[in-house]
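Chemist: Per our numbering, residue 3 is the first one in the sequence shown, and the count goes up by one each step. Let me begin by handing over the structure; questions about it come next.
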Amino acid sequence: MEKKKKIIIIVVVVVLIGLFFLPGIIFSISGPRPGMGQPITLTPESNLEKTSVEKKIALFNYNSWNSTVSSSYLPNNYFGDYSILPGLSGEFVIRSWSNDIWNASEIFTYFLIPRKQLGILNSQFNKTYIDKNYFGLYVVNQIYTTPAFEDDTSRPQVFYVFQYPQYLKKFFDDYNSYVEHVNNDTNPYTPQLSNFTAEEFLFHFFVNQSAVATPANFYLYILVDLFNDEDVRMGNNELILDLEGVSNYTVRIGFDEMGLSSYIIFLDENNMPFYGITTDYSNMRWIVWLILGIIIIAIVAVVSYIIIKRVKRNKKFKESLERMES
Numbered sequence: 003m004e005k006k007k008k009i010i011i012i013v014v015v016v017v018l019i020g021l022f023f024l025p026g027i028i029f030s031i032s033g034p035r036p037g038m039g040q041p042i043t044l045t046p047e048s049n050l051e052k053t054s055v056e057k058k059i060a061l062f063n064y065n066s067w068n069s070t071v072s073s074s075y076l077p078n079n080y081f082g083d084y085s086i087l088p089g090l091s092g093e094f095v096i097r098s099w100s101n102d103i104w105n106a107s108e109i110f111t112y113f114l115i116p117r118k119q120l121g122i123l124n125s126q127f128n129k130t131y132i133d134k135n136y137f138g139l140y141v142v143n144q145i146y147t148t149p150a151f152e153d154d155t156s157r158p159q160v161f162y163v164f165q166y167p168q169y170l171k172k173f174f175d176d177y178n179s180y181v182e183h184v185n186n187d188t189n190p191y192t193p194q195l196s197n198f199t200a201e202e203f204l205f206h207f208f209v210n211q212s213a214v215a216t217p218a219n220f221y222l223y224i225l226v227d228l229f230n231d232e233d234v235r236m237g238n239n240e241l242i243l244d245l246e247g248v249s250n251y252t253v254r255i256g257f258d259e260m261g262l263s264s265y266i267i268f269l270d271e272n273n274m275p276f277y278g279i280t281t282d283y284s285n286m287r288w289i290v291w292l293i294l295g296i297i298i299i300a301i302v303a304v305v306s307y308i309i310i311k312r313v314k315r316n317k318k319f320k321e322s323l324e325r326m327e328s
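Put into structure tokens, the structure is as follows:
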């Protein structure tokens, strides 16, 4: 009985040691993930994980949206085909990332000039005019993802990270200056453009096409300070924008440790939420690794038990032989 007890104690010790080191083993295999205190720099050389999270339409009040934001511009114009279905969950996958250098005309064309008014580039206010008058080269990180709420998930959704918040302030100032020059042109055939307020500009960038560099709080602090506008504020890892649609409303955009949007909430002028998207960072791959770890520990325990039992048996056999010889 004493020998059996010793064997059981040894097996239990082996299992406990395995469980103690299991989290470290899993972490070293699967790498860091959002929410684990591991800020990740969004550059091609970074260890940004190709991972997936679950996005959920936590709330959508159709009537409130229509009476507050717009009846003609619904959430699916911002967040994907199925983003008007409350309770729907979708998998958001980070697939790859890269960085590039953009000039001013590329920024204006891709992000700021409305598609219907791109004909302005055929006038004297063309790309050459933009790059001459608003010269700048900007490092832009690009994160390629599979969208959570689109019908066609084969086409990647790209999030853009402007390395420095000063870039965004320069885009804002330069574009509004460009709009002013275009609208003051005496040629009656020159298309008219609309300028941005600070909160409209940041909403336009961050609602579903841009992320922030990390650490997010530091980036947001500089951004809000640069814009210096009462309708642009920040919380903890959160950008807060006071906007005007049919009536006044507020948009709160939270950012995770990778700089990507972790939630977005729309609130009416009475501070009542009427639309929201949340993110669940519990990754199913962790369950797989956990199960695999438990299996490995179990195998180690069984093998240890068999080895110990065999050693004891051999020892007994040798002792028996020695007694017989004596």
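Note that the Cβ used here is the ideal one computed from N, Cα and C, for glycine as well. These numbers come from a predicted model, not from an experiment.
Rounded to whole angstroms, how far is the Cβ of lysine 129 from the Cβ of serine 156, which I believe are closer than 8 angstroms?
Modeler: Their Cβ separation, rounded to whole angstroms, is 31 angstroms, which puts lysine 129 and serine 156 out of contact at 8 angstroms.
Chemist: Answer yes if the region 86 to 94 comes into contact with the region 55 to 64, meaning at least three C-beta pairs across the two stretches below 8 angstroms, and no otherwise.
Modeler: As far as the Cβ criterion goes, the region 55 to 64 touches the region 86 to 94, which means the pair count is three or higher.
Chemist: Helix, strand or coil for threonine 281? Go by DSSP, reduced to three states.
Modeler: Strand.
Chemist: Just to confirm before moving on: does the CB-CB distance between isoleucine 109 and valine 141 stay below 8 angstroms?
Modeler: Cβ atoms of isoleucine 109 and valine 141: not closer than 8 angstroms.
Chemist: To the nearest angstrom, how far is the alpha carbon of tyrosine 131 from that of tyrosine 64?
Modeler: Approximately 43 angstroms, taken between the alpha carbons.
Chemist: Please report the straight-line C-alpha distance between methionine 38 and threonine 280, rounded to a whole angstrom.
Modeler: The predicted position of methionine 38 is uncertain, since its pLDDT is 35 and thus under 50; a value taken from the coordinates is nonetheless stated next. Roughly 18 angstroms between the two C-alpha positions.
Chemist: With the cut-off set at 8 angstroms, would you say aspartate 233 and glutamate 201 are in Cβ contact?
Modeler: Yes.
Chemist: What first and last residue would you give for the alpha helix (DSSP H) that runs through asparagine 68?
Modeler: 64 to 70 is the span of the alpha helix (DSSP H), which, as asked, contains asparagine 68.
Chemist: Quick one: grab the DSSP three-state call for isoleucine 115.
Modeler: Isoleucine 115 falls in the coil class under three-state DSSP.
Chemist: Report yes if the CB atom of glutamine 165 is closer than 8 angstroms to the CB atom of alanine 213, and no otherwise.
Modeler: The answer is no: Cβ separation not under 8 angstroms.
Chemist: Have a look at the DSSP bridge pairing and note the partners of proline 275.
Modeler: Leu269, per the DSSP bridge assignment.
Chemist: Counting Cβ pairs, one atom from each stretch, are 3 or more of them under 8 angstroms apart for the region 263 to 277 and the region 219 to 228?
Modeler: No, because fewer than three Cβ pairs between the region 263 to 277 and the region 219 to 228 fall closer than 8 angstroms, the two stretches do not touch.
Chemist: Would you kindly report the start and end of the unbroken beta strand (DSSP E) that includes valine 253?
Modeler: Here the beta strand (DSSP E) through valine 253 covers 250 to 257.
Chemist: First and last residue of the alpha helix (DSSP H) that includes tyrosine 131?
Modeler: Unbroken alpha helix (DSSP H) run through tyrosine 131: 129 to 135.
Chemist: Within a Cβ cutoff of 8 angstroms, which residues of the same chain sit near phenylalanine 127, ignoring the five residues on either side of it in sequence?
Modeler: Tyr180, His183, Val184, Asp187, Thr192, listed in sequence order.
Chemist: What number of angstroms, rounded off, separates the C-alpha of tyrosine 283 from the C-alpha of aspartate 258?
Modeler: Roughly 10 angstroms between the two C-alpha positions.
Chemist: Let's test the definition: count the other Cβ atoms within 10 Å of the Cβ of proline 46 and tell me whether it reaches 16, buried, or not, exposed.
Modeler: Note that proline 46 scores a pLDDT of 32, beneath 50, so its modelled location is shaky; the value from the coordinates is reported in the next line. The residue in question, proline 46, is exposed, as its Cβ has fewer than 16 Cβ neighbours within 10 Å.
Chemist: Grab the span of the beta strand (DSSP E) containing phenylalanine 94 for me, first residue to last.
Modeler: Note, phenylalanine 94: beta strand (DSSP E), 91 to 105.
Chemist: So what's leucine 139 in DSSP terms, helix, strand or just coil?
Modeler: Note: leucine 139 maps to strand in three-state DSSP.
Chemist: Report the three-state DSSP secondary structure of leucine 195 (helix, strand or coil).
Modeler: Coil, per DSSP.
Chemist: Per DSSP, valine 1 forms a beta bridge with which residues?
Modeler: Nothing about residue 1 can be read from this structure; the chain reaches only from 3 to 328.
Chemist: Put leucine 61 into one of helix, strand or coil per three-state DSSP.
Modeler: The answer is strand: DSSP assigns leucine 61 an E or B state.
Chemist: Comparing alpha-carbon positions, which option in Pro149, Met236, Tyr169, Leu114 lies nearest serine 54?
Modeler: That would be Pro149, whose Cα lies nearest to the Cα of serine 54.
Chemist: Under the rule that 16 or more other beta-carbon atoms within 10 Å means buried, what is phenylalanine 137, buried or exposed?
Modeler: When all chains shown are included, phenylalanine 137 counts as exposed.
Chemist: Starting from valine 226, trace the alpha helix (DSSP H) in both directions and tell me its first and last residue.
Modeler: 218 to 229 is the extent of the alpha helix (DSSP H) around valine 226.
Chemist: Once DSSP output is grouped into helix, strand and coil, what is the label at arginine 315?
Modeler: Correct three-state label for arginine 315: helix.
Chemist: Between the C-alpha atoms of tyrosine 260 and isoleucine 301, what's the straight-line distance to the nearest angstrom?
Modeler: Here residue 260 turns out to be methionine, not tyrosine, going by the sequence shown. Looking at the two C-alpha atoms, the distance is approximately 37 angstroms.
Chemist: Quick one: is leucine 120 buried, meaning 16 or more other Cβ sit within 10 Å of its Cβ, or exposed?
Modeler: That one is exposed.
Chemist: Just to confirm the assignment, what range does the alpha helix (DSSP H) spanning phenylalanine 208 have?
Modeler: Looking at the DSSP string, the run of the alpha helix (DSSP H) that includes phenylalanine 208 is 200 to 208.
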